[in-house]
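Quick note on our numbering: the sequence shown kicks off at 7 and runs consecutively. Backbone N, C-alpha and C define an ideal beta-carbon position, used for all residues, glycine too. Every value quoted in this text rests on a predicted model; they were computed, and no experiment measured them. Below is one structure; the comments refer to it alone.
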Amino acid sequence: MWSSTEGLFAHDIAVWPTNDISSIRIRLDGPQLDLQKDKLVLDVPLALNASLATVSGKSIGGVSGLSYGYDGSTQVLTISKSPGVPMSGLDTRAILKAIQYQNATPSAGDRSATITLTDVAGNSSNTGVTLSVDMTAPASITGTLVNNKQISYKMLSIPDIMGDTNKHNLHSGESADITSLLPAGMTAATFVSSLKGIFAEWGGVPITNDANTTDKHYNSVFSFPSGFGLDTTFSMAHQGGDYVKGENFTFASPDGRQLLLKAVSGFYSALTDVYAFRRQLPDLGEHGRQGDRVQRGDGGRLFADHAGQHPGAGHVPRPDHHGHQYQ
């Protein structure tokens with residue numbers, strides 16, 4: 007595509023490292039060369055339909071102390087450094103990169119330029135380039151915003167503000183105030199309804215021997231169903247030996263502004279794995295006393311643990327504790 011002013015040389019110019027270039031000659035040609043409208047832009051536009059006597063004290067491409075002249079009969083531009091000082095390869099490259107080709111109303115087709123560099127000993131080398139003018143109009147691309155169709159996702163990490171005593175972990179019966187993580191413009195309710203998933207690491211004494219740490223190898227992911235909201239119980243579980251262990255959670259907002267993540271109660275299922283595990287019972291009222299953990303395992307079995315004992319199953323490990331990220 008053509009614009010009114012383009013670099014004469016579309017690609018970078020490579021000039022052999024030297025310090026003895028005495029002149030740069032550029033000869034213009036090509037079937038669509040328009041001597042009336044085409045121009046070269048050096049420090050100022052140069053008309054191609056008339057000769058220009060050599061002028062001095064010019065600067066092109068940051069190189070000062072230059073002289074240049076143009077022969078309209080041969081369409082040759084000659085550039086040198088005055089008074090007779092040779093140019094370096096870097097100076098020559100900067101000058102060539104700075105020269106532009108200009109025509110406000112060009113015709114399509116090719117123009118060519120032959121570049122000749124001559125050193126102080128009179129040795130010359132040349133190369134040629136072709137400038138193609140394409141008058142094809144660019145394609146028109148438009149975009150329209152479709153309301154309610156633009157979706158983006160962001161992941162938020164909960165810092166160490168989880169437990170009452172152990173800030174890294176959230177234990178059963180504790181609540182983490184995560185109001186400070188609400189994105190601008192979102193309420194507790196709109197935030198929870200927009201959640202797509204939550205990631206948790208598990209830890210605590212049974213796993214890391216520390217009530218305030220988690221192990222990245224013990225983790226769970228929960229995908230929120232459509233229509234999920236405040237005060238809705240959801241469960242996350244992981245495998246611990248022959249047991250599936252986990253926790254019931256809810257998001258709550260006592261005043262509509264504050265957002266709490268509550269660890270309601272822990273649960274376990276013996277002799278099963280997370281793939282066979284069904285779903286725990288969130289309502290303890292009918293099946294358990296205060297302090298009990300009640301859970302439905304594979305096949306609908308019920309297990310209740312009070313004071314660390316499980317009827318008919320011997321000692322039951324304590325539930326683990328957890329840290330979270332959600333998105």
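Problem set entry | Three-state class that DSSP yields for L290 in the structure shown | By one-based count along the sequence shown, residue 290 stands at place 284. Below a pLDDT of 50, predicted positions are generally treated as unreliable, and L290, at 36, falls in that range; the measurement from the model is reported next regardless. Assigned with DSSP and collapsed to three states, L290 falls in coil, not helix or strand.
Exercise. Is there contact here, the segment 235 to 242 with the segment 254 to 267, by at least three beta-carbon pairs under 8 angstroms?
Worked result: The answer is yes - the segment 254 to 267 touches the segment 235 to 242, with three or more Cβ pairs under 8 angstroms.
Exercise. Going by C-alpha distance, which of L266, S275, N218 and P23 is nearest M242?
Worked result: Reading the sequence shown from its first residue, position 236 is the one you call residue 242. It is S275.
Problem set entry | Separation of K45 from A53, as counted between CA atoms | Here residue 53 refers to the residue found at position 47 when the sequence shown is read from its first residue. Here residue 45 refers to the residue found at position 39 when the sequence shown is read from its first residue. Using only the alpha carbons, I get a separation of about 5 angstroms.
Exercise. Can you tell me whether DSSP reads I101 as helix, strand or coil?
Worked result: Walking along the sequence shown from the start, residue 101 turns up at place 95. Correct three-state label for I101: helix.
Exercise. Which residues does DSSP pair with Y76 in a beta bridge?
Worked result: Start at 1 with the first residue of the sequence shown, and residue 76 comes out as number 70. Within the DSSP bridge table, the entry for Y76 names L58 and L83 as partners.
For this session: Starting from V198, trace the alpha helix (DSSP H) both ways and give me its first and last residue.
Result: One-based indexing of the sequence shown puts residue 198 at position 192. Per DSSP, V198 belongs to the alpha helix (DSSP H) from A194 to S200.
Exercise. Cα separation between D253 and S178?
Worked result: The residue you call residue 253 lines up with position 247 of the sequence shown. The residue you call residue 178 lines up with position 172 of the sequence shown. The sequence given here places Glu at residue 253; Asp does not occur at that position. Those two C-alpha atoms are separated by around 8 angstroms.
Exercise. Roughly how many whole angstroms lie between the Cα atoms of N109 and T148?
Worked result: The residue you call residue 109 lines up with position 103 of the sequence shown. The residue you call residue 148 lines up with position 142 of the sequence shown. CA-to-CA, the gap between N109 and T148 works out to about 29 angstroms.
Exercise. How many whole angstroms separate the CB atoms of K202 and F230, which I take to be in contact at a CB cut-off of 8 angstroms?
Worked result: On the sequence shown, position 196 is the one that residue 202 refers to. On the sequence shown, position 224 is the one that residue 230 refers to. About 6 angstroms separates the beta carbon of K202 from that of F230, a gap short enough to meet the 8 angstroms contact definition.
For this session: Specify the secondary structure class of L96 as computed by DSSP and reduced to three states.
Result: As a position in the sequence shown, residue 96 is number 90, starting the count at 1. Note: L96 maps to helix in three-state DSSP.
Exercise. Between T185 and the rest of its own chain, which residues show a CB-CB distance below 6 angstroms, the 5 nearest in sequence each way excluded?
Worked result: Taking the sequence shown and counting its residues from 1, one reaches residue 185 at position 179. Apart from sequence neighbours up to five positions away, the residues of its chain that approach T185 with a beta-carbon distance below 6 angstroms are Q264 and L265, ordered along the chain.
For this session: Measuring alpha carbon to alpha carbon, tell me which of V211, G246, N218 and I27 ends up nearest S226.
Result: On the sequence shown, position 220 is the one that residue 226 refers to. The shortest C-alpha to C-alpha distance from S226 to any of V211, G246, N218 and I27 is the one to G246.
Exercise. Helix, strand or coil: which one does DSSP assign to L187?
Worked result: Your numbering for residue 187 matches position 181 in the sequence shown. DSSP places L187 within a helical segment (H, G or I) once states are collapsed to three.
For this session: Give me whichever residues DSSP pairs with W22 in a beta bridge.
Result: As a first step, residue 22 is located in the sequence shown; it is residue number 16 there, counting from the start. Bridge partners of W22: none, in fact.
For this session: Pull up the CB-CB distance for G75 and T60, whole angstroms please, since I reckon it's below 8 angstroms.
Result: Numbered from its first residue, the sequence shown carries residue 75 at position 69. Numbered from its first residue, the sequence shown carries residue 60 at position 54. Right, the Cβ-Cβ distance comes to about 4 angstroms (below 8 angstroms), so this counts as a contact.
Problem set entry | For P51, three-class secondary structure by DSSP | What you label residue 51 is simply residue 45 of the sequence shown in a count that begins at 1. Here DSSP, grouped into helix, strand and coil, assigns P51 to strand.
Problem set entry | Nearest-angstrom Cα separation, counted from L96 out to I157 | Within the sequence shown, the letter at position 151 stands for residue 157. Within the sequence shown, the letter at position 90 stands for residue 96. Whole-angstrom Cα-Cα distance: 51 angstroms.
Exercise. Is DSSP giving I157 helix, strand or coil here?
Worked result: As a first step, residue 157 is located in the sequence shown; it is residue number 151 there, counting from the start. If DSSP states are grouped into helix, strand and coil, I157 belongs with coil.
Problem set entry | Presumed contact (8 angstroms Cβ cut-off) between N175 and A217, rounded CB distance | In the sequence shown, counting from the first residue as 1, residue 175 sits at position 169. In the sequence shown, counting from the first residue as 1, residue 217 sits at position 211. That pair is a contact at about 6 angstroms.
Exercise. Can you check whether the CB of S88 is closer than 8 angstroms to the CB of A70?
Worked result: Taking the sequence shown and counting its residues from 1, one reaches residue 70 at position 64. Taking the sequence shown and counting its residues from 1, one reaches residue 88 at position 82. In the sequence as presented, Ala is not what sits at residue 70; that position holds Ser. Not in contact: S70 and S88 (Cβ atoms no closer than 8 angstroms).
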